[in-house]
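Heads up, the thing below is written out as structure tokens.
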Amino acid sequence: MLNFLLKNDRLIIVVAPLIMVVGVVAKIITGIEPLRADSAFHLGFIQSWPAWLNYALGGIFALITGLKANQTIQSLGILGRISNLPNLFIVLLFFMLPEESNFFYLWTIFFLQLAILRWVEQIPDEQKKLSVFVFNASLIVGLLTLLEAWSVLYFFLVIQSLAAVGMITLRRFIIGLLGLLIPVYFYNAFLFIGFNELYFPSFDLALLGVLLPFDKQSMMAVIMIVFMLLMALTSLYGSSGSSTLRVRRRWMIVVTFMFISAFIVLNMGYVDMAIFIVFPSSIVLSKALITIKNQRVGSIYFLVFLLIIFFYNT
4 MLNFLLKNDR
14 LIIVVAPLIM
24 VVGVVAKIIT
34 GIEPLRADSA
44 FHLGFIQSWP
54 AWLNYALGGI
64 FALITGLKAN
74 QTIQSLGILG
84 RISNLPNLFI
94 VLLFFMLPEE
104 SNFFYLWTIF
114 FLQLAILRWV
124 EQIPDEQKKL
134 SVFVFNASLI
144 VGLLTLLEAW
154 SVLYFFLVIQ
164 SLAAVGMITL
174 RRFIIGLLGL
184 LIPVYFYNAF
194 LFIGFNELYF
204 PSFDLALLGV
214 LLPFDKQSMM
224 AVIMIVFMLL
234 MALTSLYGSS
244 GSSTLRVRRR
254 WMIVVTFMFI
264 SAFIVLNMGY
274 VDMAIFIVFP
284 SSIVLSKALI
294 TIKNQRVGSI
304 YFLVFLLIIF
314 FYNT
């Protein structure tokens with residue numbers, strides 16, 4: 004099956020929407036879990052919405068973001084070849100998101116992650132407007148930090164990207180720090196003027212909170228994250244000897260991106276933070292399946308991925 008997908012890559016453009024439509028309709032027919040009012044990202048207006056409408060909108064946004072992410076990944080040359088696999092995996096990973104906290108507007112986080120990766124991946128190739136790229140990437144990290152404090156770790160991607168080509172300086176670090184702090188500053192100014200309050204990011208450390216409650220879905224979520232981390236390491240090893248230095252630098256950033264996202268999800272809980280793992284996982288799995296030399300092993304990886312999704316939803 005994997006070999007067929009790799010040889011008929013263009014079919015994914017048709018197959019991915021079909022999978023989404025069939026999957027969403029099947030979920031709606033069999034019943035969707037009600038949205039959790041105590042979720043970290045719950046907004047009041049969504050409570051009056053029927054769960055099926057929110058889920059259907061989430062599926063539409065997943066398709067849109069999948070196409071956009073696929074276009075960005077191809078333009079950056081992260082995979083080393085043109086492929087629509089990331090689009091397919093984003094659609095499939097949609098069904099790994101907990102129904103009770105799968106708010107359609109959470110795909111904003113996906114777009115912010117996409118923007119961060121886009122900016123940091125271009126830093127090593129930029130000369131004239133390097134400071135602008137550093138500032139823009141850091142600014143997006145700052146915005147994401149307002150939604151989840153541990154997202155500040157994505158700032159390390161900016162530092163890594165600069166260090167990879169020996170371009171890190173105190174001036175650029177300060178520019179990046181300013182970009183990171185500006186969203187927090189203006190948000191606090193708004194809160195103080197309007198409500199006489201201040202926002203301070205909370206960096207709680209509660210590793211493996213994903214296991215609570217201890218049930219089958221939690222276990223499958225942990226297995227998925229561990230599987231994706233192994234795929235990241237596998238793809239890193241597979242591309243170390245055959246790729247150019249530029250491609251390896253790009254891929255090191257993606258692997259770091261994957262590990263930071265996995266930490267956020269494991270630390271803060273899969274139910275609320277699952278969206279953070281979708282984008283990096285789609286890239287990592289695509290790269291692993293594209294670069295692996297033994298197609299039988301690649302087919303086994305792909306089958307394991309499908310089985311994890313199946314058992315999560317049954």
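Quick note, our numbering runs 3 ahead of the 1-based positions in the sequence shown.
Glycine included, every Cβ here is placed at the ideal spot set by N, Cα and C.
Check whether residue i and residue j have beta carbons under 8 Å apart
i: A72; j: F282; result: yes
i: I126; j: S164; result: yes
i: L5; j: G301; result: yes
i: M271; j: V287; result: no
i: V250; j: G47; result: no
i: S284; j: F98; result: no
i: W55; j: I35; result: yes
i: L194; j: Y202; result: yes
i: R13; j: E103; result: no
i: L232; j: A265; result: yes
Own chain partners of residue i with C-beta closer than 7 Å, once the 5 adjacent residues on each side are dropped
i: L60; result: F107
i: I171; result: I162, L165
i: M227; result: M99, I311
i: L70; result: N90
i: I256; result: V123, E124, L160, Q163, S164
i: I49; result: L38, N57, F106
Spatially closest choice to residue i from the options, by CA coordinates
i: L180; options: L201, V137, F193; result: V137
i: F314; options: F48, A224, N11; result: A224
i: M234; options: S42, T33, I295, Y202; result: I295
i: S205; options: R174, E151, L232, L173; result: E151
i: I177; options: W55, Q74, L70, V161; result: V161
i: R174; options: D207, V135, I263, F193; result: V135
i: F64; options: W55, F113, I32; result: F113
i: M222; options: L269, I31, N105; result: L269
i: Y304; options: A40, W254, S238, T247; result: S238
i: K133; options: Q116, G169, N105, T111; result: The displayed chain sequence assigns Leu, not Lys, to residue 133. With distances taken between Cα atoms, L133 lies closest to G169.
i: T75; options: L120, L109, A43, L66; result: L120
i: V229; options: Y273, I16, L38; result: Y273
i: G182; options: L232, L236, W122, N11; result: W122
i: S42; options: I15, E200, M255, L109; result: L109
i: A2; options: Q77, K290, N191, F158; result: Since the displayed the chain opens at 4 and closes at 317, residue 2 lies outside it and no answer follows.
i: Y240; options: A291, E200, Y190; result: A291
i: D218; options: H45, V17, T317; result: T317
Close Cβ partners of residue i (< 6 Å) along its chain, the five nearest in sequence each way excluded
i: L79; result: E124
i: V155; result: T148
i: I267; result: W153, M276, F279
i: V25; result: none
i: G62; result: M23, V27
i: A167; result: P127, R252
i: Q116; result: F282
i: T68; result: W110, F113
i: A19; result: N90, L91, V94
The alpha helix (DSSP H) enclosing residue i, as first and last residue numbers
i: M99; result: Where M99 is concerned, there is no enclosing alpha helix (DSSP H), given that its DSSP letter is neither H nor E.
i: E200; result: Taken as a continuous stretch (DSSP letters only), E200 belongs to no alpha helix (DSSP H), as it is neither H nor E.
i: V258; result: 248-271
i: P283; result: 278-294
i: K132; result: Unbroken run through K132: none, as it is neither H nor E.
i: L306; result: 298-315
i: Q116; result: 110-125
i: A167; result: 158-167
i: A43; result: That residue, A43, is in no alpha helix (DSSP H); it is neither H nor E in DSSP.
i: N6; result: 5-10
i: I15; result: 15-33
i: A65; result: 54-79
Beta-carbon contacts of residue i that lie in its chain and below 8 Å, excluding the five residues immediately before and after
i: Q220; result: P101, Y315
i: I293; result: L9, L82, G83, R84, S86, L88
i: I31; result: W55, Y58, A59
i: T259; result: F159, L160, Q163
Inter-stretch contact at 8 Å, needing at least 3 Cβ pairs: the region 176-194 / the region 131-146: yes
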